[in-house]
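Participant: For the sequence shown, the working numbering gives the first residue as 7, with consecutive numbering after it.
A virtual CB, placed ideally from N, CA and C, is assigned to each residue, including glycine.
Structure below; questions to follow.
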Amino acid sequence: MALTSNTQKIDEVRNQAAHLNSQARSADQLMQDITLLLNREMLKYNWVGFYMLEPGADPPALVLGHYQGAMTPHTRISLNQGICGAAASSGKTVVVDDVKADRRYLACSLETKSEIVVPIFVRGQVAGELDIDSHFAAAFGEEDRQLVEYCAELVGKRLENK
Ligand code: SME
């Protein structure tokens with residue numbers, strides 16, 4: 007069997023995400039399907055989960071939604087905490103190649119070495135984020151970033167049409 011390159015794999019998973027979006031009956035189902043897809047197909051994506059901004063919470067807080075991987079102690083994160091808070095408050099994707107070297111990092115598992123957090127926008131406002139941890143250092147390159155941003159966009163569009 008020929009080895010699949012990372013680019014081919016990412017293309018394939020992107021197409022599968024588009025297919026899941028066309029089949030999902032709700033944004034909630036799509037979020038669950040995306041966690042399952044990314045965790046199953048992308049071998050370095052060892053923890054995949056959504057954090058969503060709690061409606062009406064003051065101060066604002068991110069609340070854990072669907073996820074795949076080990077249980078995390080961080081089920082509720084303030085916007086001034088962690089890589090998750092940094093991505094939600096800046097509205098920018100955050101990629102951390104070495105979590106030990108990032109003082110913002112909130113540890114979820116001792117095995118985690120790198121992390122990507124991508125905000126989800128609904129009508130131009132951050133509504134939540136897609137967070138992925140890897141047991142491998144610098145697991146998230148440019149193509150990974152594009153794949154995760156694509157998945158986050160699918161969810162944002164679904165939430166807009168709710
Ligand atoms: N590492 C995150 C916390 C969430 S866990 O990774 C699931 C952070 O620093 O915000």
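Spatial neighbours of T41 within its chain, please: C-beta separation below 8 Å, excluding the five flanking residues on both sides.
Facilitator: Correct list, in chain order: V54, G55, F56, H72, Y73 and Q74.
Participant: Going straight from the alpha carbon of D39 to that of D108, what length do you get?
Facilitator: If I take the Cα positions, the gap works out to 30 Å.
Participant: State the Cα-Cα distance for the pair S11 and D17, rounded to the nearest angstrom.
Facilitator: Computed Cα separation, rounded: 10 Å.
Participant: Please tell me whether, using a cut-off of 8 Å, the distance from the CB of G62 to the nearest non-hydrogen atom of the ligand SME is below it.
Facilitator: It does not: the Cβ of G62 is nowhere closer than 8 Å to a heavy atom of the ligand SME.
Participant: Take A143 and list the residues in its own chain whose beta-carbon comes closer than 8 Å to its own, dropping the five residues that flank it on each side.
Facilitator: The answer, listed in chain order, is D103, D104, K119 and S120.
Participant: Residue range of the beta strand (DSSP E) that Y57 falls in?
Facilitator: Segment W53 to L59, the beta strand (DSSP E) holding Y57.
Participant: Closer than 8 Å to a non-hydrogen atom of the ligand SME - does that hold for the CB of E121?
Facilitator: Yes, Cβ of E121 sits closer than 8 Å to a heavy atom of the ligand SME.
Participant: DSSP puts A67 in a beta bridge; with which residues?
Facilitator: Answer by DSSP bridge pairing, in chain order: S84.
Participant: Output the distance between the C-alpha atoms of F146 and V123, rounded to the nearest integer angstrom.
Facilitator: Answer to the nearest angstrom: the Cα atoms are 10 Å apart.
Participant: Among G97, V132 and I138, which has the Cα closest to the Cα of E60?
Facilitator: The shortest Cα separation from E60 among G97, V132 and I138 belongs to V132.
Participant: Among M58, A113, L85 and Q87, whose alpha-carbon lies nearest the alpha-carbon of A76?
Facilitator: Of M58, A113, L85 and Q87, the residue nearest in Cα terms is A113.
Participant: Name the two residues that bound the continuous alpha helix (DSSP H) containing V101.
Facilitator: Note, V101: premise wrong, no alpha helix (DSSP H); beta strand (DSSP E) at V100 to V102.
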